[in-house]
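> Reminder that position 318 of the sequence shown reads as 340 in my numbering, one-by-one numbering, no gaps.
Ideal placement from N, C-alpha and C gives every residue a C-beta, glycine not left out.
Since the structure is predicted, the reported quantities are computational estimates derived from the model, not experimental observations.
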Amino acid sequence: MKNLIEIQKKLIPHAIELMERRYIILRQISLSQPIGRRSLSNRLGISERVTRTETEFLKEQGLICVAVSGMTITEEGEELLLQLKDIMVDIMGITNLQNKVREKLGIKKVIVVPRSCEDNEAILKDVAKEGSEYFLDILKNGNKISITGGTTMLEFADSVKTEKKYKDTLVLPARGSMGTDVDTQSNSVTARLGKNIHSEYELLHIPDELDESAIKTLSQIPEIDRTLKHISETDILVFSIGRADVMANRRNLDENQKKIIIENGAVGEAFGHYFDKNGDLVYKLNTVGIDLETYKKVKENILIFAGVEKVEAFMAVSEINKNLVLITDEQSAQKILEYNK
23 MKNLIEIQKK LIPHAIELME RRYIILRQIS LSQPIGRRSL SNRLGISERV
73 TRTETEFLKE QGLICVAVSG MTITEEGEEL LLQLKDIMVD IMGITNLQNK
123 VREKLGIKKV IVVPRSCEDN EAILKDVAKE GSEYFLDILK NGNKISITGG
173 TTMLEFADSV KTEKKYKDTL VLPARGSMGT DVDTQSNSVT ARLGKNIHSE
223 YELLHIPDEL DESAIKTLSQ IPEIDRTLKH ISETDILVFS IGRADVMANR
273 RNLDENQKKI IIENGAVGEA FGHYFDKNGD LVYKLNTVGI DLETYKKVKE
323 NILIFAGVEK VEAFMAVSEI NKNLVLITDE QSAQKILEYN K
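Structure representation (structure tokens):
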């Protein structure tokens, strides 16, 4: 197949370009459905004329449906996307990019989503969907899964779709509650993921940051103690990262804490831990749930993020544990290759 593609590139390069464009359009419809032609055109940065021509072709082939509410992908279209996936990552140079990023970082695996538009929301959906597919590939009956909160993890949980019921599988919040946005708190994301994989889940009814005496007292409550024990036995950890300054503000830390974090050169945050460019811990909050020791012994660590503004934060976290699967977008992957401390 690779030889055939190389021959086509030389003899009929326009055929490869056309195939790539139609694949990108079909994939975007799948991610954003229902979507109108104008919105699709704007997201992909192609003219409405080209969009109209290509979507008419896809409709004639039975790959999409066109209605007043917008375009949607058919079952046949979804099957074609799945069949084309591995071929297209080669054609678009994604396989080579993945290998280069993995070699630079020295981590277990890198999955890069082709960036076909400039819409941040669409990119996040795409990356989250790719993360959900990898997650379902490795998920087994009896696994204990811990997941953090945040917008990326909420999108990930919503992207997980399966009819299979996972026996003796347990979903857990990787940390306590944080902030005022209930939907993106770890407990809420945990419940969504548990329902989507038809498994049991436990919640952690405890604030994310407490003083040590309060944590010790609450941890003696049987229900909380049981959940914390299960979290320490995590088989699969799904999480994202944040910029140190952004997370300090989101956690409503006091000015003294923020000053310590920034003055100590923190650039990234994960699990209530703040790291500098070298991956060294510079500040730690009194949090419950996943800690660094647990993170280092988890069998499957899946880190999902989208957006070049998080690359520096990711690079800091990537130094801590090389047993890591990274799922990100193409532009961020390119930025990782260019990154120097």
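1) Leaving out five residues on either side along the sequence, give the residues of the same chain with a beta carbon under 6 Å from the beta carbon of GLY153.
2) Quick check on this structure: which residue in LYS186, GLU76, ASP180 and GLN207 has the alpha carbon closest to the alpha carbon of ASN163?
3) Please go through the same chain and pick out, in chain order, the residues whose beta-carbon is closer than 8 Å to the beta-carbon of THR173, but skip the five residues on each side of it.
4) Which residues mark the beginning and the end of the alpha helix (DSSP H) in which VAL320 is found?
5) To the nearest angstrom, report how far apart ASP351 and LYS130 are at their CA atoms.
6) My assumption, with CB atoms under 8 Å, is that ASN218 sits in contact with VAL182. Please give the rounded CB distance.
7) Please check the pair ARG197 and ILE312, which I expect to be a contact at CB under 8 Å, by giving their CB distance rounded to whole angstroms.
8) Any idea which residues DSSP pairs ILE258 with across the strands?
9) Quick one: complete alpha helix (DSSP H) runs, 4+ long, within the region 51-99?
10) When the distance is taken between beta carbons, is THR316 closer than 8 Å to SER254?
11) Nearest to SER168 by alpha carbon, out of GLU78, LEU48, GLU224 and THR77?
12) Rounded to a whole number of angstroms, what is the C-alpha to C-alpha distance between THR309 and ASP298?
13) On a Cα-Cα basis, can you pick out the residue from ALA335, ASN343, GLU334 and TYR305 that is closest to ARG320?
14) Rounded to a whole number of angstroms, what is the C-alpha to C-alpha distance between VAL333 and LYS122?
15) Between ILE324 and VAL289, is the Cβ-Cβ spacing less than 8 Å?
16) Quickly, what does DSSP pair VAL132 with across the bridge? List them, please.
17) Give every residue of the same chain whose Cβ lies closer than 7 Å to the Cβ of GLU76, excluding the five residues on either side of it in the sequence, and list them in chain order.
18) Counting only the same chain and skipping the five closest in sequence on each side, list residues whose C-beta sits under 8 Å from that of TYR361.
19) Hey, out of HIS220, MET114, VAL135 and VAL132, whose CA is closest to ASN165's CA?
20) So, with DSSP's three-state summary, where would you put PHE293?
21) Taking GLU143 as the reference, which of SER340, ALA328, MET114 and ASN118 has the closest Cα?
22) Consult DSSP for VAL12 and reduce its assignment to one of helix, strand or coil.
23) Going by the beta-carbon positions, is the gap between ILE38 and ILE109 smaller than 8 Å?
24) Just the C-alpha distance for TYR305 and ILE243, rounded to the nearest angstrom, thanks.
The structure says:
1) Locating residue 153 in the sequence shown gives position 131, where the first residue counts as 1. Hits under 6 Å: PHE178, ILE326 and ILE349.
2) For this step, residue 163 is matched to residue 141 along the sequence shown. Out of LYS186, GLU76, ASP180 and GLN207, LYS186 has the C-alpha closest to the C-alpha of ASN163.
3) Stepping through the sequence shown from its first residue, residue 173 is reached at position 151. So the qualifying residues of the chain are LEU146 and THR206.
4) As a first step, residue 320 is located in the sequence shown; it is residue number 298 there, counting from the start. Element bounds for VAL320: n/a, residue is neither H nor E.
5) Taking the sequence shown and counting its residues from 1, the one referred to as residue 351 is at position 329. Taking the sequence shown and counting its residues from 1, the one referred to as residue 130 is at position 108. Cα to Cα, ASP351 sits roughly 17 Å from LYS130.
6) Sequence index remark: in the sequence shown, residue 218 carries index 196 (1-based). Sequence index remark: in the sequence shown, residue 182 carries index 160 (1-based). Right, their Cβ atoms sit about 5 Å apart.
7) In the sequence shown, counting from the first residue as 1, residue 197 sits at position 175. In the sequence shown, counting from the first residue as 1, residue 312 sits at position 290. Contact flag correct, Cβ pair sits at about 6 Å.
8) As a first step, residue 258 is located in the sequence shown; it is residue number 236 there, counting from the start. Partner(s): ILE167 and GLU322.
9) 59-66 and 70-82
10) Against the sequence shown, residue 254 aligns to sequence position 232. Against the sequence shown, residue 316 aligns to sequence position 294. Yes, these two residues count as a Cβ contact at 8 Å.
11) The count along the sequence shown starts at 1 and reaches residue 168 at position 146. Of the candidates GLU78, LEU48, GLU224 and THR77, the one whose C-alpha sits nearest the C-alpha of SER168 is GLU224.
12) For the purposes of this step, residue 309 is identified with residue 287 of the sequence shown, where counting begins at 1. For the purposes of this step, residue 298 is identified with residue 276 of the sequence shown, where counting begins at 1. Between THR309 and ASP298, the C-alpha separation is close to 19 Å.
13) The count along the sequence shown starts at 1 and reaches residue 320 at position 298. Reading the sequence as shown, one finds Val at residue 320 and not Arg. Of ALA335, ASN343, GLU334 and TYR305, the residue nearest in Cα terms is ASN343.
14) Locating residue 333 in the sequence shown gives position 311, where the first residue counts as 1. Locating residue 122 in the sequence shown gives position 100, where the first residue counts as 1. Those two C-alpha atoms are separated by around 16 Å.
15) For the purposes of this step, residue 324 is identified with residue 302 of the sequence shown, where counting begins at 1. For the purposes of this step, residue 289 is identified with residue 267 of the sequence shown, where counting begins at 1. No, these two residues do not count as a Cβ contact at 8 Å.
16) Taking the first residue of the sequence shown as 1, we reach residue 132 at position 110. LEU348.
17) Within the sequence shown, residue 76 is the residue found at index 54, counting from 1. Within the same chain, GLU76 has close Cβ partners ARG43, ARG44 and ILE47.
18) Position 339 of the sequence shown, counted from the start, is the residue given in the question as residue 361. Here the set comprises VAL333, GLU334 and MET337.
19) Stepping through the sequence shown from its first residue, residue 165 is reached at position 143. When each option's Cα is compared against that of ASN165, the closest is HIS220.
20) Walking along the sequence shown from the start, residue 293 turns up at place 271. If DSSP states are grouped into helix, strand and coil, PHE293 belongs with coil.
21) What you label residue 143 is simply residue 121 of the sequence shown in a count that begins at 1. Selected option, being the one with the closest Cα: ALA328.
22) Only positions 23 to 363 of the chain appear in this structure, which leaves residue 12 out of reach.
23) The count along the sequence shown starts at 1 and reaches residue 38 at position 16. The count along the sequence shown starts at 1 and reaches residue 109 at position 87. Cβ atoms of ILE38 and ILE109: not closer than 8 Å.
24) In the sequence shown, the residue the question calls residue 305 occupies position 283. In the sequence shown, the residue the question calls residue 243 occupies position 221. The straight-line gap from Cα to Cα measures roughly 28 Å.
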